[in-house]
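Accompanying notes for the structure given below.
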Amino acid sequence: GHYARILNDTEIEKLSLDKVTISDFKQNKLELEAKRNWDLFYKRNRGNFFKDRHWTKREFEELANETSKENEQSVLLEVGCGAGNFMFPLISEGVNFYFYACDFSPRAVELVKANELYDSSICNAFVCDITQDDLANVIPVGTISISTLIFVLSAIHPEKMLFALKNIYKVLKPNGILLFRDYGLYDQAMLRFKPGHKLSENFYVRQDGTRAFYFSEEYLGKLMVEAGFEVIAN
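Under the numbering used here, the final residue of the sequence shown carries the number 443; numbering is consecutive throughout.
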């Protein structure tokens, strides 16, 4: 599980001084421009920023168990797929999965479809803002074996997180699994923010306009349970 770091005196003082939050006007502007800012991010980085996640089967026992099933095709959903860095290592290993991959950045979805491993007979990549678009418009309800949400929820406005999680929950099978990983409270990245980047408690904006929320285990647990999930490991 993630346990918040014990802060030293300097870090405690730094956080206590950073009380000023960005104006409502600027916050609303960032919310309206979120898709554009991520589109620009993918334009600049073109999929090079995130390493392919070849650690996934080692990291997630549930994924290894699912890939070992020989007779049935499992269905995986990669939410906030970016350039497909979770999906493509699995495809290259020849696992018996059908993949859905979505991102609210059209440029990210273009990068996925341009990848030489993309095969429309086993993949469906589509643009979707999970904070407002219904996943069930593309994915039949109750069909996903495993969904991933890796460094995605933190980029969403806290007021919209619950809707996003319920949206995913709806398309999962009754015994489906959500694999989650994200920023934790007091991570070094959080402590590096200079004054003037704070949006609200534990929610910050980077130089490029993209945002990041830093979760405590308690906050995240409550959110997951409220969305319908049972937390089986942390």
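We put the beta carbon where it would ideally sit given N, CA and C, even for glycine.
DSSP beta-bridge partners of G393: Counted from its first residue, the sequence shown places residue 393 at position 184. Answer by DSSP bridge pairing, in chain order: F424.
Member of N294, L286 and K252 whose CA lies at the smallest distance from the CA of Y307: Locating residue 307 in the sequence shown gives position 98, where the first residue counts as 1. The option with the nearest alpha carbon to Y307 is L286.
Do you know how far the Cα of I300 is from the Cα of Q282? Locating residue 282 in the sequence shown gives position 73, where the first residue counts as 1. Locating residue 300 in the sequence shown gives position 91, where the first residue counts as 1. Between Q282 and I300, the alpha-carbon positions lie close to 13 Å from each other.
Coil, strand or helix - D218 by DSSP: Taking the sequence shown and counting its residues from 1, the one referred to as residue 218 is at position 9. Here DSSP, grouped into helix, strand and coil, assigns D218 to helix.
With DSSP run on the structure shown, which of helix, strand or coil describes F258? Taking the sequence shown and counting its residues from 1, one reaches residue 258 at position 49. Residue placement at F258 cannot be trusted, given a pLDDT of 48 that sits under 50; what the coordinates show is reported in the next sentence. The answer is coil: DSSP assigns F258 none of H, G, I, E or B.
Going by the DSSP bridge assignment, what does F297 pair with across the sheet? Translated into positions along the sequence shown, residue 297 becomes position 88. Partner(s): none; F297 has no beta bridge.
DSSP beta-bridge partners of N324: As a first step, residue 324 must be located in the sequence shown, where it is residue number 115. None; N324 has no bridge partner.
Residues in the same chain with beta-carbon distance under 8 Å from V347, minus the five sequence neighbours each way, listed in chain order, please. Residue 347 sits at position 138 when you count from the first residue of the sequence shown. Answer for V347: Y309, C311, N333, F335 and C337, listed in chain order.
Mark S409 as exposed unless 16 or more other C-beta atoms lie within 10 angstroms of its C-beta, in which case mark it buried. As a first step, residue 409 must be located in the sequence shown, where it is residue number 200. By the neighbour-count definition (other C-beta atoms within 10 Å, threshold 16), S409 is an exposed residue.
Hey, is the stretch 317–331 in contact with the stretch 415–433, meaning 3+ C-beta pairs nearer than 8 Å? No, because fewer than three Cβ pairs between the stretch 317–331 and the stretch 415–433 fall closer than 8 Å, the two stretches do not touch.
Quick one: what's got a C-beta closer than 7 Å to G437's C-beta in the same chain, skipping five residues either side? Mapped onto the sequence shown, residue 437 falls at position 228. Here G437 has K375 and Y378 as same chain residues with Cβ atoms under 7 Å from its own Cβ, once five neighbours each way along the sequence are excluded.
Should V434 go down as buried or exposed, given a rule of 16 or more other Cβ atoms within 10 Å for buried? As a working mapping, residue 434 is identified with position 225 in the sequence shown. Classification of V434: exposed, given that the 10 Å Cβ count is below 16.
In the DSSP assignment, the alpha helix (DSSP H) including K407 goes from what residue to what residue? Position 198 of the sequence shown, counted from the start, is the residue given in the question as residue 407. In the DSSP assignment, K407 falls outside any alpha helix (DSSP H) and lies within the beta strand (DSSP E) extending over K407 to S409.
Can you find the residues in the same chain that come closer than 8 Å, C-beta to C-beta, to P383, ignoring five residues on each side of it along the sequence? Here the question's residue 383 lines up with position 174 in the sequence shown. Cβ within range, chain order: G351.
Mark S232 as exposed unless 16 or more other C-beta atoms lie within 10 angstroms of its C-beta, in which case mark it buried. Taking the sequence shown and counting its residues from 1, the one referred to as residue 232 is at position 23. Sixteen is the threshold: since fewer than 16 other Cβ atoms of the shown chains lie within 10 Å of the Cβ of S232, the residue is exposed.
From the DSSP output, which residues share a beta bridge with C332? As a first step, residue 332 is located in the sequence shown; it is residue number 123 there, counting from the start. C332 is bridged to F308.
Whether A292 touches N324 by CB criterion (9 Å): Counting from 1 along the sequence shown, the entry for residue 292 is found at position 83. Counting from 1 along the sequence shown, the entry for residue 324 is found at position 115. Yes, Cβ-Cβ distance for A292 and N324 is below 9 Å.
Find the nearest neighbour of I339 within the set G289, Y423, L381 and N411, judged by alpha-carbon distance. Taking the first residue of the sequence shown as 1, we reach residue 339 at position 130. In this structure, G289 is the residue among G289, Y423, L381 and N411 with its C-alpha nearest to the C-alpha of I339.
When DSSP labels each residue in this structure, what does G385 get in the three-state scheme? Locating residue 385 in the sequence shown gives position 176, where the first residue counts as 1. Judged by DSSP in its simplified three-state form, G385 adopts strand.
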